[in-house]
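S.K.: Pasting a structure here, questions to come.
Shown next, in the form of structure tokens:
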């Protein structure tokens, strides 16, 4: 079976790296319960990490490494095409020459982190948007003491919801006495936003 060459942005590997590992992790919160045991809460998967090692060999090996290093210097994510793993947007996090370069042989290692689809570091809630988790919006009149009721989704935490809506965590906890343990919320729970 012939594998397609690995690519990132404008660089195509002349031959695929010798070793590639893909690390998948899930974030789990552990809450101890009285009399032993614990309750686990799935906080969703973490970003994937791809690590690898390879060599550039033959005439121009050092120039190939320099070309890869030039791509590393570019900022921002790019499309990472792996011969067997799925194509992902990723950041080129690390590039290391792992031994003394020879004119015709360079050993290197690299690390890529998966980028989750253009997330720019800011949370933006669109009122009433499908799938936003928002159940209803108050009118803001005297009869409404709650601006929004949020439906908890998988991976949500009270801290994350407070940050999303720009409220203090203590105020969010005080507004929701029905939540007995602020560290344990479940999909479908309703959270009132002050």
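In my numbering, the protein residues as written are 2 to 195. By construction, the Cβ of each residue, glycine as well, lies at the ideal position given by its N, Cα and C atoms. As the structure is a prediction and not an experimental result, all values here were calculated from the model.
(1) Are the beta-carbon atoms belonging to residue 31 and residue 41 less than 8 Å from one another?
(2) With 16 as the cutoff for other CB atoms within 10 Å, does residue 105 come out buried or exposed?
(3) Going by CA-CA distance only, name the one from 149, 52, 190, 37 that's closest to residue 158.
(4) Given a cut-off of 8 Å on the beta-carbon distance, is the pair residue 188 and residue 165 in contact?
(5) Taking a contact to mean a Cβ-Cβ separation below 8 Å, would you say residue 113 touches residue 94 in this structure?
(6) So, using beta-carbon positions, are residue 28 and residue 4 closer together than 8 Å?
(7) Tell me which residues share the same chain as residue 160 and place their Cβ nearer than 6 Å to its Cβ, disregarding the 5 neighbours each side in the sequence.
M.R.: Short version:
(1) Numbered from its first residue, the chain shown carries residue 31 at position 30. Numbered from its first residue, the chain shown carries residue 41 at position 40. Result yes, Cβ atoms of residue 31 and residue 41 sit closer than 8 Å.
(2) Walking along the chain shown from the start, residue 105 turns up at place 104. Label assigned to residue 105: exposed.
(3) One-based indexing of the chain shown puts residue 158 at position 157. Comparing Cα positions, the closest option is 190.
(4) In the chain shown, counting from the first residue as 1, residue 188 sits at position 187. In the chain shown, counting from the first residue as 1, residue 165 sits at position 164. Not in contact: residue 188 and residue 165 (Cβ atoms no closer than 8 Å).
(5) Stepping through the chain shown from its first residue, residue 113 is reached at position 112. Stepping through the chain shown from its first residue, residue 94 is reached at position 93. Yes. Within cutoff.
(6) Here residue 28 is taken as the residue at index 27 of the chain shown, counted from 1. Here residue 4 is taken as the residue at index 3 of the chain shown, counted from 1. It is not a contact, given that the beta carbons lie outside the stated cut-off.
(7) Your numbering for residue 160 matches position 159 in the chain shown. Only 170 meet the Cβ criterion.
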